[in-house]
Amino acid sequence: MSDVALESVSKHYDTQVAVRAVDLHVRDGELVTLLGPSGCGKTTTLRMIAGFIEPTGGVIRIGSRVVSDPARRVLIQPERRRVGMVFQSYAVWPHMSVNENVAYPLRVRRVPAHERAERVTRALRQVKLDDLGGRYPHQLSGGQQQRVALARALVMEPDVLLLDEPLSNLDAKLREEMRIELKGLQRQLGITIIFVTHDQLEAMALSDRVVLMDRGEIVQVGPPEDLYERPTTAFAALFVGTANLLDARVERDAAEIAALGGLRVPVPSGTASGPSYVLVRPEHLTLGASDDGPRARVVRSVYEGDTKLVILAVGEQELRARVPTTVPLSEGDSVTIGIDRHHVVHV
Amino acid sequence: MTRAIPATPFVWAAAVALLVVAAVYPIAKVVAEALTRGGSAGLGNFAVALGDERNVLALRHSLEVALSSTAIATAIGAFLAWLVARTDLPWRRFFRTAFVLPFLIPPFVGAIAWLYILGPVGYLNRLWMTVTGSSEPFFVVYGYAGIVLVLVLHDIPLVYLTVLGGLERMNPELEEAAQISGSGNWRVMRTITLPLMVPVLLAAAVLTFTSDIAEFGIPAILGFSQGYFVLPVKIYEQIARGFAADSIGLAAALAVVLMSTGALALLVQRWLLRGDRAQRYVVISGKSMQPNCVRLGTARWWLFALCLTLVLATTVMPVAAVALTSLIRSVGLSPAPENWSLRHFETVLTGLPAATRGIRNSLVLAVSAATIVAVLGALIAYLIVRTRLRGRALLDVSASLPYAIPGTVFALGVILAWLRPFPGVAFTLYNTLWIILIAYVGRYMIFGVRPTAASLAQVHTSLEEAARVSGAGWLRTFRDIVLPLVLPGIFAAWFLVFIPTLRELTVSILLWSAGNETIGVMVFNLQESGQEGPGAALALVMIGLLVVANYAARWLSRGRVGY
Chain A
1 MSDVALESVS KHYDTQVAVR AVDLHVRDGE LVTLLGPSGC GKTTTLRMIA GFIEPTGGVI
61 RIGSRVVSDP ARRVLIQPER RRVGMVFQSY AVWPHMSVNE NVAYPLRVRR VPAHERAERV
121 TRALRQVKLD DLGGRYPHQL SGGQQQRVAL ARALVMEPDV LLLDEPLSNL DAKLREEMRI
181 ELKGLQRQLG ITIIFVTHDQ LEAMALSDRV VLMDRGEIVQ VGPPEDLYER PTTAFAALFV
241 GTANLLDARV ERDAAEIAAL GGLRVPVPSG TASGPSYVLV RPEHLTLGAS DDGPRARVVR
301 SVYEGDTKLV ILAVGEQELR ARVPTTVPLS EGDSVTIGID RHHVVHV
Chain B
1001 MTRAIPATPF VWAAAVALLV VAAVYPIAKV VAEALTRGGS AGLGNFAVAL GDERNVLALR
1061 HSLEVALSST AIATAIGAFL AWLVARTDLP WRRFFRTAFV LPFLIPPFVG AIAWLYILGP
1121 VGYLNRLWMT VTGSSEPFFV VYGYAGIVLV LVLHDIPLVY LTVLGGLERM NPELEEAAQI
1181 SGSGNWRVMR TITLPLMVPV LLAAAVLTFT SDIAEFGIPA ILGFSQGYFV LPVKIYEQIA
1241 RGFAADSIGL AAALAVVLMS TGALALLVQR WLLRGDRAQR YVVISGKSMQ PNCVRLGTAR
1301 WWLFALCLTL VLATTVMPVA AVALTSLIRS VGLSPAPENW SLRHFETVLT GLPAATRGIR
1361 NSLVLAVSAA TIVAVLGALI AYLIVRTRLR GRALLDVSAS LPYAIPGTVF ALGVILAWLR
1421 PFPGVAFTLY NTLWIILIAY VGRYMIFGVR PTAASLAQVH TSLEEAARVS GAGWLRTFRD
1481 IVLPLVLPGI FAAWFLVFIP TLRELTVSIL LWSAGNETIG VMVFNLQESG QEGPGAALAL
1541 VMIGLLVVAN YAARWLSRGR VGY
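Chains A and B are the protein sequences, given in the same order. Letter 118 of the first sequence, counting from 1, is numbered 118 in this note's numbering, and no numbers are missing. Letter 468 of the second sequence, counting from 1, is numbered 1468 in this note's numbering, and no numbers are missing.
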């Protein structure tokens, strides 16, 4: 097992910058996701770690080994990096049976036949495919092919496992199942995993830490709770979960929110005065009928099974609130907004 | 979903009838003729034809040139495709298109050009004899070796394009997965890329084999002087120069034998990929990602020189040889500029009526055939893709048969079908331009059907349904919705017929008559009668027309049609 370190890693294509000076340390045994919209540089970063893309600058280290350092002309080819990888398309070789697919990395490494068979069986057991070894990929479902790809990556007991949106081609139910299994497998094997996804729910559910990226740069790094509850930028707030982003004015270590009747929330000392934003999650707003507090008009109320999403208008500003279905509301009602000021985040 | 055939069943019936008459009927006539001897049915023609050892020898020659050239061309073409698609070969963008250029040189013109270069007094052989003082030429392209050489040079683009397409459709993640598993570049190629390309290589080889065994021009030009005959040339001789009462019947029997060899190749391919084996090679592309680049290292510049030589040999040298021959005043003079003149061009453009007529006839035939096939093909494509008509799969098979079988065989069928005067009127299509036109329409029908069918398959039926719901009738829907969307396909079809008909030889050589020559026929006849200069000038005019048509097609289609 190894840690992975990126120091000021960049990738330029002619004039375009795909990844800009990324610094990241993935600890041994940690599961980190690279999250962001398409084109944010997450896949490029992963492929630089794998060795399929040559960085323009910066140092990449896996364990104690520097695998890429253009400044010192170090570039270790993917086949020598000892990392496992699961591809978005699974990339299970159609001309080989399941056993042959999983045995391939061992065959390349000249592992003796009896040990090979043993390890293939173990890897297939880990992904619950014990009895399908003789099948060919076209005889397997998408979910089963995914497991073959995972077994193939695990069988060589890699230092690091890279996963490139491996769940995006699965249907919703299977995806949830695989998430739980992946997490369990990681706990059991203690392997370092770097996972690329554009799905914020997936990132939340899986990760020890989430690395949020946008336009080639890291926006924020932290445990899922941090990202959700304390986003540091408007981009982070809006990309992770749903959020109300409200205009505010900072004056003397507090932000004043006009849409919430001039409600003031504290901001860290030293924050520059002037126009700014605050963030409130829909579930942190309560709706009532009292006369006390800022008032809003119900524009629409959407039943979502476990909760109700209410779209409110406060003057020009639109607000979303998520409330229990038991709260009686109809469109056009005037309501009072209650707010837990501990959950208002200045961004 | 069932769709009512519109209120114009006449149009459909006519389209199907034309397809049957132009494509299926002639082939049926060949088989019928082969099985009839002296007015009664039987295998007599086969017994006599195959009892003649000259015919058996021709069959053996056919097989040996086709198998040799297929093996060599498949190996070279696949290697070139791999170089362009997967390595850091210098000038890859240039080679990418340059390897395809020989497509613009008709095979028989290539054979003539190589005769100018490596004939007994060819330019290179003369150079060799001058430089070394030898009295023997270095290599003469006559016979087996010469035919295989020129076939290979013309087959390479076919294999190259087929394999390149396969490599580019292949999901690069399949190769990356092997690399991340610990395999180096060469091992990835050996254990993953090559095995996955097996069906593509097989398809390329079968295409090459069927095209080589059917080739008439190259062996006719390079085999004749040595008495090295292949089956298509034998059939041609039987038809054009056979005067015995049974020569057509014998030709038909040989034609059936020739057809069977191609069919056999297809059967072998199907057998190798029988059952669900084909599915073990399904390599649907994932994200379009730059595939990994194999570093050639020190071999890089050697391979670059090799590729450059190949472009020289397949494209530059033949065209240069034709151009040079067309410029030299008379045969035997040294190729120095002081012996150059434009008199051969004057001859073919003004002085020799048959040559001028050939150019005009070929243009008229190519435009007419392309237009008829594009329209007819579009109607048939609609029947195949959009209706539930019983037997519509048969329509596709019928349309593809005339091109799948050797041109010589199809031409024989057309003769058999239209030789007799129409009952009641003393008029026969034989010895007119019409018979050539009908033959072209039948032979290239599939090029009208496939591109339009492909565009049509991409137009979702809901687009048509939306028009119907909006109140448009079937005809209106076809005009307003379907036609504009499939127009690029029809346009592609037009050029896919125009270009090969303009350079056609195999079919025309059996159907032409005085006054109804084509360019191809005239180039061939001038060469065979020893008029090298005018022949070369006319060949150059032909290549010029093909290049203009090709680039016009490319420009008009924004690169989707042409090379």
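Backbone N, C-alpha and C fix where the C-beta goes; we use that ideal spot for every residue, glycine too.
Neighbourhood of residue i by C-beta distance below 8 Å, restricted to the same chain and skipping five residues each side
i	result
residue 1433/B	1361, 1364, 1365, 1516
residue 1438/B	1022, 1414, 1418, 1429
residue 223/A	207, 208, 209, 210
residue 138/A	94
Residue burial classification, residue i (beta-carbon count within 10 angstroms, cutoff 16)
i	result
residue 328/A	exposed
residue 1125/B	buried
residue 40/A	buried
residue 1208/B	buried
residue 1312/B	exposed
residue 1307/B	buried
residue 2/A	buried
residue 1007/B	At residue 1007/B the pLDDT is 47, less than 50, meaning the model places this residue with poor confidence and gives no usable figure here.
residue 93/A	buried
residue 242/A	exposed
residue 344/A	buried
residue 1267/B	exposed
residue 1302/B	exposed
residue 1318/B	buried
residue 161/A	buried
residue 1078/B	buried
Contacts that residue i makes with chain B (C-beta to C-beta distance below 7 Å)
i	result
residue 109/A	1182
residue 83/A	1180
residue 50/A	1180
residue 105/A	1181, 1182
Contact list for residue i against chain A, beta-carbon separation under 7 Å
i	result
residue 1517/B	Correct list: empty, because the minimum Cβ distance to chain A is about 52 Å.
residue 986/B	In the structure as shown, chain B begins at 1001 and stops at 1563. Residue 986/B is therefore absent and cannot be evaluated.
Whole-number beta carbon distance between residue j and residue i, since they are thought to touch under 8 Å
i	j	result
residue 1196/B	residue 95/A	6 Å
residue 337/A	residue 22/A	That belief does not hold up - the Cβ atoms of residue 337/A and residue 22/A are roughly 40 Å apart, past 8 Å.
residue 1426/B	residue 1253/B	Not confirmed; about 31 Å, so no contact.
residue 165/A	residue 1180/B	Rounded, the Cβ-Cβ distance is 16 Å, inconsistent with contact.
residue 1436/B	residue 1464/B	38 Å between Cβ atoms; not a contact.
residue 1147/B	residue 1219/B	5 Å
Amino acids of chain B, ordered along the chain, whose beta-carbon sits closer than 9 Å to that of residue i
i	result
residue 195/A	Residues of chain B passing the Cβ test: none, with the nearest at roughly 16 Å.
residue 295/A	Residues of chain B passing the Cβ test: none, with the nearest at roughly 47 Å.
residue 138/A	1276, 1279, 1280, 1282
Same chain, Cβ closer than 6 Å to residue i, five either side skipped, listed in chain order
i	result
residue 61/A	5
residue 63/A	2, 159
residue 135/A	98
residue 1341/B	1329
residue 1315/B	1101, 1102
Partners in chain B for residue i, counting only beta-carbon separations shorter than 8 Å
i	result
residue 79/A	1179, 1180, 1181, 1182, 1183, 1184
residue 156/A	1181, 1182
residue 152/A	1177, 1181
Close-in-space but distant-in-sequence residues of the same chain around residue i (CB under 7 Å, 5 per side omitted)
i	result
residue 1272/B	1202
residue 1018/B	1376
residue 1453/B	1381, 1384, 1385
residue 1120/B	1137, 1140
residue 175/A	167
residue 1522/B	1354, 1355, 1358, 1538
Neighbouring residues, chain A, relative to residue i (Cβ below 8 Å)
i	result
residue 1343/B	Near residue 1343/B there are no residues of chain A at all, since even the closest Cβ is about 54 Å away, more than 8 Å.
residue 1187/B	108
Chain-ordered neighbours of residue i on chain A, where CB pairs are closer than 9 Å
i	result
residue 1196/B	93, 94, 95
| Can you list the beta strand (DSSP E) stretches of 3 or more residues lying completely in the segment 1238-1291 of chain B, in chain order? | none
| task | Please go through the segment 45-123 of chain A and give each complete beta strand (DSSP E) segment of 3 or more residues, from N-terminal end onward. | result | 57-62, 65-69, 83-86
| request: For the segment 1140-1187 of chain B, list the beta strand (DSSP E) runs that are entirely contained and at least 3 residues long, ordered along the chain. | output: none
| Length at least 4, wholly inside the segment 1077-1106 of chain B: the alpha helix (DSSP H) runs in chain order | 1092-1098
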